[in-house]
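Take a look at the structure set out below.
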Amino acid sequence: MQNSELPDPFEKAREASGIGYLNDQNDPVKMLLRHKDVRKTAHDYKTFQSAAIPGRIVIPSEVNIRKTRQIPFELDPPIHGLYRALVEPWFKRPLQEDYTAELNQQITSLVDATLEKDSVEIINDFALVLQSRALTLLLNIPFEEAETWISWGTHVFRSEDSDLDADKANILYDYIDVQIEKAIRTPGEDLYSMLLASEVHGKKLTKEEVKGVMVLTFAGGRDTVINAITNAIAYLAEHQDSLERFRKEPEIIGKAVEEMIRYFSPLTQMGRIVTEDTQVCEHAMKADSRVSLCWASANRDSAVFENPNEIIIDRKVNPHVGFGFSHHNCLGATHARQIMRILLSTLAEKVASIEVFDFKENIEDLQDFQRKVGYDFLYAKLNPLTK
Amino acid sequence: MVKITFITSDEEKIVLEGTTGSVMELAVEHNVKGIDGNCGGVCSCATCHVHVRPEDMLKTGAASEIETDMLELDDNADEYSRLCCQIEISDSIDGVVLKVAK
């Protein structure tokens, strides 16, 4: 097996019953593993709701560490649509030319600096830096702010010892509170100010609602983006030929990004709360119980994807659910896609090969399933392309 | 050149000409409102949904199984629905009229 592979731990259960079981802090979860069930359930917001107690649809549950409702994530239609419409144009800004140009410049300078070094720890010194700097663009705030976020380390909610770390969560919440107050005193052109000036049903967003959007923006796009970047580097270290293909056929980069998102599935799963007794895939689901939409399993479903356990770098038809599906599909997907597209094209332009010296895999413990999601550390060297 | 007409949800009529690539790429290139093509054309996002004018269905052909699966959960989908990232520009679709889905 190659080091960069992410094995699929769900295959047997997906094919046998379509369901997995997880006991999460005494609030058990039935995991839906098949592509079709995952999509159908994600779409049926009436039976499978998101607007439960804040934190309960997240796995592992965050009910004990936060009270703030993440918005629009922990709302259901139709109210969800009002908040989503409010933030959607802002989160499409990554498609604008000036945004892309700045992101390109950020990534180019980071890759250039990395090429100078004999060994780089990719998670802390590359992926976290790239993700944090890029977030200043998404929030439209000064570049220097990235230093603060980099100093927090790789996990906003999780620490090395436990899945859930209230102290770390508080760092983020306290920080966001301060930033909201700052934006109230001196409004600017940033996301905080835009939200504070926005209205839903003729009423200004409350501070708590603004905080809900900001927490989602920070938390949703941190581990996920870092894992996507790190996994891409590990993959390219073992597939130098893909760098070569990106140079010769840059038009496949968009497809390569989608394929990596499918294969890496940076977010393993997301939960829903069952509102009435029902059935999925012939399994009974009780009202007020939890189900999960296991994106990582759905993305390896051989009923949908040919050779699901291989990265086919120019896979043409790829109905993956790596960014979720239906109403709640990833708000940050446009930003994430631009990061990945620019990263791959910059690496192709400047890097001949990547050597990995040492790494430790990050294995997510889902009791019956052990899933590799990325790395705890990955030491590597980028070798420059000499023209 | 192949001529393709888009009708947006505000009833704006946009006539474009193309030679290669997918209909979605042509629409995105010319900022046709309502065609986002977020996933770049691999049939994973359903942000390029159009309704083909009924008499043009023979030219475009019907939706493939994967498109149908994507569209099955879309309340606005009908028998004329296609994801236009899956329609390749070629002489055979010259003159088609596509209504951008809501």
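Chains A and B, in that order, give the protein sequences. Numbering-wise (my numbering), the first sequence opens with residue 1 and increments by one. Numbering-wise (my numbering), the second sequence opens with residue 1001 and increments by one. Every residue, glycine too, gets a C-beta built ideally from N, C-alpha and C. All of these numbers come straight from a predicted model, not from anything done at the bench.
- Task: Just mark T386 of chain A as buried or exposed, buried being the case when its beta carbon has 16 or more other beta carbons within 10 Å.
- Result: To locate residue 386 of chain A, count along the first sequence from 1; it is residue 386. That one is exposed.
- Query: Would you say A256 of chain A and I354 of chain A are within 8 Å of each other, going by their C-beta atoms?
  - Reply: Against the first sequence, residue 256 of chain A aligns to sequence position 256. Against the first sequence, residue 354 of chain A aligns to sequence position 354. It is not a contact, given that the beta carbons lie outside the stated cut-off.
- Message: So, for T1060 of chain B: in the same chain, excluding its five sequence neighbours on each side, which residues have a beta-carbon less than 7 Å away from its beta-carbon?
- Response: Position 60 of the second sequence holds residue 1060 of chain B. V1052, R1082, I1087, I1093, V1096, listed in sequence order.
- Considering only residues of the region 305-374 of chain A, which uninterrupted beta strand (DSSP E) runs meet the minimum length of 3 residues and lie entirely inside it, listed in chain order? 351-366
- Mind checking which residues open and close the alpha helix (DSSP H) that includes I150 of chain A? Locating residue 150 of chain A in the first sequence gives position 150, where the first residue counts as 1. Start and end: 146-151.
- Helix, strand or coil at S17 of chain A [DSSP, three-state]: Counting from 1 along the first sequence, the entry for residue 17 of chain A is found at position 17. Residue state, collapsed to three classes: coil.
- Taking all protein chains shown into account, decide if A113 of chain A is buried (16 or more other Cβ within 10 angstroms of its Cβ) or exposed. As a position in the first sequence, residue 113 of chain A is number 113, starting the count at 1. A113 of chain A is exposed by the Cβ-count criterion.
- Task: List the whole-angstrom C-beta distance separating V215 of chain A from L172 of chain A, where the pair is believed to meet the contact cut-off of C-beta under 8 Å.
- Result: In the first sequence, residue 215 of chain A corresponds to position 215, counting from 1. In the first sequence, residue 172 of chain A corresponds to position 172, counting from 1. Yes, they are in contact, since the Cβ atoms of V215 of chain A and L172 of chain A sit about 7 Å apart, within 8 Å.
- Excluding five sequence neighbours on each side, which residues of the same chain lie with their C-beta closer than 7 Å to the C-beta of I71 of chain A? Here residue 71 of chain A corresponds to residue number 71 of the first sequence, with the count starting at 1. If we look at I71 of chain A and ignore the five residues flanking it on each side, its Cβ neighbours are Y83, E209, G212, V213, L216.
- Where H1051 of chain B falls: helix, strand or coil (DSSP): For the purposes of this step, residue 1051 of chain B is taken as residue 51 along the second sequence, with counting starting at 1. Of the three classes helix, strand and coil, the one that applies to H1051 of chain B here is strand, per DSSP.
- Give me the Cβ distance between L343 of chain A and E121 of chain A, rounded to the nearest whole Å; I'm assuming they're in contact under 8 Å. Position 343 of the first sequence, counted from the first residue, corresponds to residue 343 of chain A. Position 121 of the first sequence, counted from the first residue, corresponds to residue 121 of chain A. So it is not a contact: roughly 17 Å between Cβ atoms.
- Task: Could you confirm whether any beta carbon from chain B is found closer than 8 Å to the beta carbon of A134 of chain A?
- Result: Residue numbering aside, residue 134 of chain A sits at position 134 when the first sequence is read from its first letter. For A134 of chain A, the answer is no, since every Cβ of chain B falls outside 8 Å of its Cβ.
- Task: Establish whether the CB of N1038 of chain B and some CB of chain C are separated by less than 8 Å.
- Result: Here chain C cannot be found, since the structure's protein chains are A and B.
- Query: Would you say C1084 of chain B faces chain A, with C-beta separation under 8 Å as the test?
  - Reply: For the purposes of this step, residue 1084 of chain B is taken as residue 84 along the second sequence, with counting starting at 1. Cβ-Cβ to chain A under 8 Å: no for C1084 of chain B.
- I410 of chain A to V280 of chain A, Cα distance in whole Å? Residue 410 of chain A lies beyond the range of chain A shown here (1 to 387); nothing can be said about it.
- Segment limits, beta strand (DSSP E) that includes R290 of chain A: Here the question's residue 290 of chain A lines up with position 290 in the first sequence. Looking at the DSSP string, the run of the beta strand (DSSP E) that includes R290 of chain A is 290-293.
- Would you list, in chain order, the members of the region 1068-1084 of chain B that have their beta-carbon closer than 8 Å to a beta-carbon of chain A? D1069, M1070, L1073
- Message: Any beta carbon of chain A sitting closer than 8 Å to that of C1043 of chain B?
- Response: What you label residue 1043 of chain B is simply residue 43 of the second sequence in a count that begins at 1. Yes, contact with chain A.
- A333 of chain A versus chain B: which residues are under 9 Å apart at the beta carbon? Taking the first residue of the first sequence as 1, we reach residue 333 of chain A at position 333. Correct list: N1038, C1039, C1045.
- What is the rounded straight-line gap between the Cα of N329 of chain A and the Cα of T148 of chain A? On the first sequence, residue 329 of chain A is found 329 positions in, with the first residue counted as 1. On the first sequence, residue 148 of chain A is found 148 positions in, with the first residue counted as 1. In a straight line, the C-alpha of N329 of chain A is about 29 Å away from that of T148 of chain A.
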